[in-house]
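S.K.: Below are the structure tokens for one structure; questions will follow.
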Amino acid sequence: MEVKQPDLKWNGTPQKLDSDDTKNSIQHHMAHPSWDIYEVHAFHRDSNGWFGVGYNYFVEFNGDIYEGRGDRVGAHVAGWNDRSYGVGYQGYLHSDSTGHDQQMTDEQVESGAWINAKLLKDNPHLSLDDIIGHNDVSATACPGNNFRMDELRERTQQILDDCPVEEIESQLEKKKVKLEEAEAKLDKKASKIVALEDEIKQLKEDKDQLEEGKDQLEQIIKSQEDELDERDKEISKLKNKIETTKKAHKEDVRDLKKEKDELAEALENDIKALQRQNDELEEEIKKLKAQLGEKVELDLVTALKFVVEAVKQAFSKGRD
Ligand SMILES: [Zn+2]
């Protein structure tokens, strides 16, 4: 048995189903007595406006199985599409007052069992009980009271039981691959954790270094502040010194002025005294001059007298 690939034109591409998250395989009939995969596809795409046929697989009367959405998200039960597979069956498999009384064919039971067995094998977390009808999850007649659900499940179990060794091995291989993928994911996460731990360690070291640097800076700032304080002290000392020197200088100037005034006064007194002495001396000189003048006059008289006497004597000798 095989799944056929119909030649369908899609109106877009549905998302992939997360196969780890699938819960059920849900069975539907088409509620139409004759539509095949192409007609269902056209109806779902053009009338419903979907990407295309809503079922993941479609089983026709003769047992042909067609892939619809396959392993992509279907459109068959609102709220269940992204966690279930939908298997559609050709026909109106329901007897009701409308007069329909179409039966599910043996080929449909066989092919339905085969595709469900395949889904269970491909999704090992699914079991026989997960094969359900649309009416198990919604208020609907689908897949119809002529749908042979019990037989389908029974046959599915038989197919699974008859599963040849190679298939079991291939299932095991698939599981192994999945396991390895999971392990690889775990390894990746573990190495990410290690990398994160390294990063955290590095960040801690950086933080320690920064704190150390901060301490050093604080010490430098403190020593500079101390130095500034020291300088301030020196400056105020110098200011005091300058102030003191200025004061002393002012006092010196005052003393010098006083001294100068005293000297000037003494000098003036000296000059006055000298003046007085000078006046006295001049007075004395005058007196002396006067005395001297009298004396000279006297001397002249005496001299004249002498000359007169001498002349008289000369004259008298000459006469002798
Ligand atoms: Zn349905």
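If you count the sequence shown from 1, position 159 lands on 174 in the working numbering, and the numbers rise without skipping. Heads up, the beta-carbon is just placed ideally off N, CA and C, and yes, glycines get one too. None of these values were measured; they are calculated from a predicted model.
Give a single yes or no on whether H91 has its beta carbon closer than 7 Å to a heavy atom of ligand 1.
M.R.: It does: the Cβ of H91 is within 7 Å (strictly closer) of some heavy atom of ligand 1.
S.K.: Just reading off the beta strand (DSSP E) that G148 is part of, what are its end residues?
M.R.: First-last of the beta strand (DSSP E) with G148: 146–148.
S.K.: Beta-carbon within less than 6 Å of Y53's beta-carbon, same chain only, minus the 5 sequence neighbours each way: which residues are those?
M.R.: So the list is empty, once near-sequence residues are dropped.
S.K.: Kindly examine ligand 1 and report whether one of its heavy atoms sits closer than 7 Å to the Cβ of P158.
M.R.: P158 Cβ: within cutoff of ligand 1.
S.K.: Apart from the five residues just before and just after V55, which ones in its own chain have a Cβ nearer than 7 Å to its Cβ?
M.R.: Correct list, in chain order: M45, V68, F73, G103.
S.K.: Which residue from K265, S40, W50 puts its Cα closest to that of W95?
M.R.: Nearest option by C-alpha distance: S40.
S.K.: Quick one: is T37 buried, meaning 16 or more other Cβ sit within 10 Å of its Cβ, or exposed?
M.R.: Classification for T37: buried.
S.K.: Please find out if some non-hydrogen atom of ligand 1 comes closer than 7 Å to the beta-carbon of H47.
M.R.: Flag unset: Cβ of H47 not near ligand 1.
S.K.: For S110, which residues in the same chain have their Cβ closer than 7 Å to its Cβ, ignoring the five residues on either side in sequence?
M.R.: So the list reads D116, N160, N161, once near-sequence residues are dropped.
S.K.: At which residues does the alpha helix (DSSP H) containing Q123 begin and terminate?
M.R.: Taken as a continuous stretch (DSSP letters only), the alpha helix (DSSP H) holding Q123 covers 121–137.
S.K.: Within this structure, are the beta carbons of D97 and L32 separated by less than 8 Å?
M.R.: It is a contact, given that the beta carbons lie within the stated cut-off.
S.K.: Any heavy atom of ligand 1 closer than 7 Å to the Cβ of H59?
M.R.: No, since every heavy atom of ligand 1 falls outside the 7 Å radius drawn around the Cβ of H59.
S.K.: Alpha carbon to alpha carbon, how far is E227 from D241? Give it in angstroms, no decimals.
M.R.: Their Cα atoms are separated by approximately 21 Å.
S.K.: What are the start and end residues of the beta strand (DSSP E) that includes V88?
M.R.: Taken as a continuous stretch (DSSP letters only), V88 belongs to no beta strand (DSSP E), as it is neither H nor E.
S.K.: Throw me the rounded Cβ distance for the Q20 and F76 pair, which I believe falls under 8 Å.
M.R.: Not confirmed; about 19 Å, so no contact.
S.K.: For the beta strand (DSSP E) containing V74, name the first residue and the last one.
M.R.: It spans 72–74 - the beta strand (DSSP E) in which V74 sits, taken as one unbroken run.
S.K.: Between H115 and ligand 1, is there a pair consisting of the residue's CB and a ligand heavy atom that are separated by less than 7 Å?
M.R.: Not so, every heavy atom of ligand 1 lies at least 7 Å from the Cβ.
S.K.: Terminal residues of the continuous beta strand (DSSP E) containing E82?
M.R.: First-last of the beta strand (DSSP E) with E82: 80–82.
S.K.: For P139 versus Q172, is the C-beta distance shorter than 8 Å?
M.R.: Their beta carbons are not under 8 Å apart, which means P139 does not touch Q172 by this criterion.
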